[in-house]
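Counting the sequence shown from 1 gives a position; my numbering is that position plus 11.
We put the beta carbon where it would ideally sit given N, CA and C, even for glycine.
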Amino acid sequence: MNGADVLCDVLLANDVTVCFANPGTSEMHFVAALDRKPRMRCVLGLFEGVVTGAADGYARMTDRPAATLLHTGPGLANGLANMHNARRALSPMINIVGDHASYHLPLDAPLTSDIEGLAAPMSNWVRRISGPADVQPATEAAFRASLTPPGVTTLILPADTAWGGANPAAPGKVVLSPPPPVDKDAVRAVAAAVRAKPGRVGMIVRGRAARADALDIAGQISTAGGVRLLSDVLIARLQRGRGRVAPTRIPYPVDAATALLKDIDVLVLVGGKEPVAFFAYPGKPGRLVREDCQVLTLAAHGQDLHAALEALRDELGIKPSQQTAFAAAFPDEATPNGKLTEDAIALSVARKLPDNAIICDEAVTSARRFFALSAYAAPHDYMMGTGGSIGGGIPMATGAAVACPDRKVINLEADGSGMYTVQGLWTQARENLDVVTIVFSNRTYAILHGEMKNVGVGAIGENARRMLDLDHPSLDWVSLAKGMGVEAARAETCERFDALLDSALSRRGPFLIEAVL
12 MNGADVLCDV LLANDVTVCF ANPGTSEMHF VAALDRKPRM RCVLGLFEGV VTGAADGYAR
72 MTDRPAATLL HTGPGLANGL ANMHNARRAL SPMINIVGDH ASYHLPLDAP LTSDIEGLAA
132 PMSNWVRRIS GPADVQPATE AAFRASLTPP GVTTLILPAD TAWGGANPAA PGKVVLSPPP
192 PVDKDAVRAV AAAVRAKPGR VGMIVRGRAA RADALDIAGQ ISTAGGVRLL SDVLIARLQR
252 GRGRVAPTRI PYPVDAATAL LKDIDVLVLV GGKEPVAFFA YPGKPGRLVR EDCQVLTLAA
312 HGQDLHAALE ALRDELGIKP SQQTAFAAAF PDEATPNGKL TEDAIALSVA RKLPDNAIIC
372 DEAVTSARRF FALSAYAAPH DYMMGTGGSI GGGIPMATGA AVACPDRKVI NLEADGSGMY
432 TVQGLWTQAR ENLDVVTIVF SNRTYAILHG EMKNVGVGAI GENARRMLDL DHPSLDWVSL
492 AKGMGVEAAR AETCERFDAL LDSALSRRGP FLIEAVL
C-alpha cells in the first residue's frame with residue numbers, strides 16, 4: 012500500500028465517492044490507486060475549469076464535497092476561476108493537487124510553482140502533505156475543513172508521498188463538530204427590530220435558509236411580522252416554484268437595487284453578508300442599503316440557520332400554523348410566436364419546467380425574466396454563478412447532473428460565458444448526463460455593453476465593438492456541441508424553440524439548443 016491508496020481510502024470512508032479529474036504525470040500513482048477503488052466514480056474534464064466547476068455544482072446539490080484531481084500549479088491555476096465561484100457559493104470541495112517529488116523541487120523543473128500561493132486566495136484551507144505517514148491525518152483534516160463550515164480546501168500531494176510505502180490505513184468516519192447553538196441575544200435583537208419597524212425590515216436568506224423547509228418559516232415571519240423577504244443578487248441555491256415561499260431577488264443594477272432597498276431601516280442577514288454593488292461606479296454608492304440602515308446578523312454561515320429562523324419565529328410569538336402567501340397561478344400570457352426573443356425563452360422554460368428540475372443559470376443578462384417567472388413554475392432548485400467569474404454554467408450543470416442522476420438539469424447559458432468551459436459538453440456526453448443546455452446566442456457580451464453605459468459611455472466605436480461582440484465569425488453552437496458528442500439543434504422562432512424543448516425534456520441524455528436572438 013502507498014500514500015495514494017491511503018488518501019483514496021480516507022476519502023471513501025467519509026463517503027467522498029466522486030472525483031472530477033484532469034491528471035498529469037505527477038498524479039499517476041494517485042490515478043493508479045483510484046483504479047483500484049471501484050467505489051470511486053472518476054469523471055474526466057478536458058479543462059480544469061470544468062473539473063472545479065463540476066465539483067461546485069455537485070456540492071451545491073449534495074451538501075457534500077467531491078474530490079478534484081489537478082496537475083501541479085498550472086493545472087490548479089486553470090481551475091481557480093470556478094474555485095472562486097465555489098468559495099463564494101460556500102461549497103464544500105477537496106482539491107487534490109499533485110506536485111513534484113519533494114527532493115525534485117530544488118531543481119526548479121519547468122512545472123515547479125508556488126502551489127500554496129496559488130491556492131490560498133481561492134481556498135478556505137490549504138495543506139501540503141509532508142510524507143506517507145501524514146496522508147491519513149492530512150486527508151481527514153481536509154475533509155473536516157471542507158464541512159466545518161463548508162468551504163473549499165486544497166490538499167497538495169507530492170509525488171514521492173503518493174508512491175511512498177505506507178502502513179495499511181483503517182480510516183473511520185471523521186467526527187464533525189455540531190454547529191454552534193443559536194445565539195439567543197441575536198434572536199432577541201432581531202425580534203426587537205421587527206417589532207419596532209414593521210414593514211421596514213428586510214431579511215436576506217442564503218444557504219440552508221434558502222431551502223423549502225426554512226423558507227416556510229421565513230415566509231411565516233414575513234407574513235406575520237411585516238418583514239420583506241429577499242435573496243442575494245447571485246444565488247448559490249434556492250428552492251423555488253409553486254407552493255414555495257418566493258423571496259425577491261436583489262437586482263444586479265445598482266440603481267434598481269438601491270430603489271428596492273431604500274425603504275429598509277433594518278436588514279437582517281441569515282446565512283449571508285450585506286449586499287454591495289458588484290463594481291464601483293462614478294457617483295453611485297457601494298453599499299446598496301442606506302448609510303443609516305442597521306444591519307443585523309441572525310445567524311451566519313456554518314450556524315444552524317433553520318433553527319435560528321425557528322427561534323426568531325418563536326420569539327415573535329408566531330405560530331407554526333401561520334399561513335404564508337405563495338405564488339399564485341402562472342401569469343395569463345399569450346404564447347409567443349414568430350421571431351425568438353429572450354422573454355419568449357424565459358416564458359417557455361418556466362411553463363414547461365419538469366417537477367424537481369435543477370436550473371443552472373449563467374445566461375447573465377439574457378434570462379433575467381426567468382427568475383421572476385420561476386416562482387410560478389414547477390418546484391425546482393435554482394443556482395447561479397456566485398463569484399462573478401464566468402464559465403461556471405456548463406460545469407455546474409455537469410456536476411449537478413452527476414449528483415442527481417434522477418433529475419432533469421437545465422442550463423441557461425450565455426454564448427460568451429459558455430465558450431470559457433465548452434469542454435464540459437464532452438463530459439456530459441461521455442457520462443450520458445441528463446442536461447439540456449439552452450444557449451442564448453446573441454453573439455455579444457451583452458453585459459459589457461450595459462457596463463459601458465453604466466460608466467457613462469453613450470456610444471462605442473469600432474475598437475470597443477470588436478472587444479464586445481462575438482461575430483465575424485459567429486459562433487456555431489450546433490457544430491460545437493456535435494463535435495463534443497452532444498446532440499444539438501438551432502431555433503430562430505418561438506415555435507421551433509418550443510418543439511425542441513419539448514423533445515429534449517421528453518428523453519434522457521444531453522441535448523443543446525442554440526437559441527438565436
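- Per DSSP, residue 365 has no beta bridge partner at all.
- Considering only 404, 101, 88 and 162, the residue with the shortest C-alpha distance to residue 130 is 88.
- Assignment of residue 324 by DSSP, reduced to helix, strand and coil, places it in the helix class.
- Counted as a single uninterrupted DSSP element, the alpha helix (DSSP H) harbouring residue 73 occupies residues 59–73.
- Listed as beta-bridge partners of residue 505 by DSSP are no residues whatsoever.
- Within the same chain, 260 come within 6 angstroms of residue 382 by CB-CB distance, once the 5 residues on both sides are set aside.
- Counting every other CB atom within 10 Å of its CB across the protein chains shown gives residue 388 a total of 16 or more, marking it as buried.
- In the displayed model, residue 474 falls within a helix according to three-state DSSP.
- Secondary structure remark: continuous alpha helix (DSSP H) runs of at least 4 residues inside the segment 85–147, in chain order: 126–130.
- With a cutoff of 9 angstroms on beta-carbon distance, residue 12 and residue 28 are scored as not near each other.
- With contact defined as three or more Cβ pairs closer than 8 angstroms, the segment 165–180 and the segment 105–123 are in contact.
- Counting along the chain, the unbroken beta strand (DSSP E) around residue 165 starts and ends at 163–169.
- Residue pairing of residue 391 in beta bridges, as defined by DSSP: 251 and 368.
- Nearest Cα to residue 17 within the set 63, 150 and 46: 150.
- When Cβ pairs closer than 8 angstroms are counted between the two stretches, the segment 423–441 is seen to touch the segment 479–495, the count reaching three or more.
- Residue 484 holds the alpha-carbon nearest to the alpha-carbon of residue 455 among 57, 274 and 484.
- When the Cα atoms are used, residue 263 and residue 302 turn out to be separated by approximately 19 angstroms.
- Beyond the five residues adjoining it in sequence on each side, residue 123 comes within less than 7 angstroms, by CB distance, of 111 and 116 in the same chain, given in chain order.
- Taking the CA atoms as reference points, residue 415 sits about 26 angstroms from residue 135.
- The beta carbon of residue 47 is closer than 8 angstroms to those of 16 and 19 in its chain, skipping five residues each way along the sequence.
- Taking a contact as a CB-CB distance under 8 angstroms, the pair residue 282 and residue 219 counts as one, their CB atoms being some 7 angstroms apart.
- With contacts defined by Cβ atoms closer than 9 angstroms, residue 292 and residue 468 do not form a contacting pair.
- For residue 425, the CB contacts under 7 angstroms within the same chain, skipping 5 residues up- and downstream, are 373, 374, 375, 377 and 451 in chain order.
- Exposed is the label assigned to residue 114, since fewer than 16 other Cβ atoms lie within 10 Å of its Cβ.
- Under the three-state reduction of DSSP output, residue 348 falls in the coil class, being neither helix nor strand.
- Boundaries of the beta strand (DSSP E) harbouring residue 53: 52–55, taken from the DSSP string.
- The Cβ neighbour count for residue 419, taken over all protein chains shown within 10 Å, is at least 16; the residue is labelled buried.
- With respect to the C-alpha of residue 32, the residue from 57, 216, 160 and 198 having the closest C-alpha is 57.
- In this structure, DSSP gives residue 16 a helical state, which the three-state scheme calls helix.
- For the segment 233–302, the continuous beta strand (DSSP E) assignments of 3+ residues that do not extend past its boundaries occur at 238–242, 249–251 and 277–281, in sequence order.
- Between residue 40 and residue 170 a beta carbon distance of about 7 angstroms is seen, short of the 8 angstroms cut, so the two are scored as contacting.
- Around the Cβ of residue 453, a 10 Å sphere holds 16 or more other Cβ atoms; the residue is buried.
- Under the DSSP assignment, residue 444 falls outside any beta strand (DSSP E); it carries neither an H nor an E label.
- Each of 215, 173 and 160 was checked against the Cα of residue 139, and the nearest Cα belongs to 173.
- In the structure shown, residue 481 adopts coil according to DSSP, grouped into three states.
- Residues of the same chain with a CB within less than 8 angstroms of the CB of residue 471, apart from the 5 flanking positions on each side, are 460, 463 and 479 in chain order.
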